[in-house]
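This note's numbering applies: residue 960 is where the sequence shown begins, and numbers increase by one.
Just so you know, even glycine gets a beta-carbon here, dropped at the ideal spot from N, CA and C.
Note that the coordinates shown come from a computational prediction; the quantities given were computed from them, not determined experimentally.
Reading through the structure tokens given below for one structure.
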Amino acid sequence: PANPPSKQVGENIGLGDPPHFEDASKIQRAAHLGGADAFIEKLPHQYDTYLDRPVLDFCSSDLEGTGKVNGKTVDFTQIREAAGIKSVDGGGGVGNRGLSGGQMQRIALSRTFMRSVVSDESVGLLLFDEPSASLDPTAEHDLFERLRELRGNKTMIFSSHRFGNLTRHADLILYMNDSKILEEGTHDQLIRKDGEYARIWNLQARAFL
């Protein structure tokens, strides 16, 4: 899901479970599971930091040069520095870039963990649309390992163009093209079948050889 604009990062994660969106301990646990806690701790106001993407100012509706949000001074230069982002505009200043796509995706994943794992409610079905699209290989591996560990009796459905660690451990793979299911089975079954899934798997694997 897209990140709601101009929210504090803690509120952004907390919205995954609205009744507890101000519960700091649950938000921090969800951020840890989503792999977002490390960079959030480096932000100028940590979980109280305001985020927008792209970061043009403190809120997308504010005028250029606005210095405060709800009476609190917010410095997005510090946010960019904490995120390790360096962008220089024509005037020699810092360009209008916020957190990276991968970091924003970790916040969105943390919001999912807030509802599916940290929440007191029992959630039995989880749907993920390209959950690792903006993650680096290490973060992708860690994410799927956590999901496997925390799955329990939950049913998880993933839509992905990237195979690897995800499809290797899937209970069932539906290989689709043009909205039609061409093949189905486990990873090992589809590899032995030597069809389209196996062709794409080998094509992706070749990039790492």
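The beta-carbon separation of residue 993 and residue 1074, rounded to 11 Å, does not stay under the 8 Å limit for a contact.
The bridge partners DSSP lists for residue 1114 are 1084.
Straight across, the Cα-Cα distance linking residue 1134 with residue 1114 is about 18 Å.
Across the structure, residue 1000 and residue 1139 are spaced so that their CA atoms are roughly 44 Å apart. Excluding sequence positions up to five before and after residue 1088, its CB lies within less than 6 Å of the CB of 1118, all in the same chain and listed in chain order. One Cα belongs to residue 972, the other to residue 987, and the distance between them is close to 9 Å. Rounded to whole angstroms, residue 1157 and residue 1125 show a C-alpha spacing of 15 Å. Restricting attention to 1155, 1112 and 1108, the CA atom closest to the CA of residue 1120 is found in 1155. Given a length threshold of 3 residues, each whole run of the beta strand (DSSP E) inside the segment 1116-1149 is given here in chain order: 1132-1136 and 1139-1144. Residue state for residue 966 is assigned as strand, using DSSP reduced to three classes. Nearest neighbour of residue 1150 by Cα position, chosen from 984, 1127, 1095 and 1060, turns out to be 1127. Counting C-beta atoms within 10 angstroms of its own C-beta, residue 1069 has 16 or more neighbours from the protein chains shown and is therefore classed as buried. Distance between residue 1095 and residue 1152, taken at the CA atoms: about 30 Å.
Annotation: the continuous alpha helix (DSSP H) that includes residue 1156 extends over 1155-1165. With fewer than 16 other Cβ atoms from the protein chains shown falling within 10 Å of its own Cβ, residue 1116 counts as exposed.
A straight line joining the alpha-carbon of residue 1131 with that of residue 1009 spans about 40 Å. With a 10 Å radius around the Cβ and a threshold of 16 neighbouring Cβ atoms, residue 968 comes out buried. Contact check for residue 997 against residue 975 fails: the beta carbons are separated by 9 Å or more.
Excluding sequence positions up to five before and after residue 1085, its CB lies within less than 8 Å of the CB of 1071, 1075, 1113, 1114, 1115 and 1116, all in the same chain and listed in chain order.
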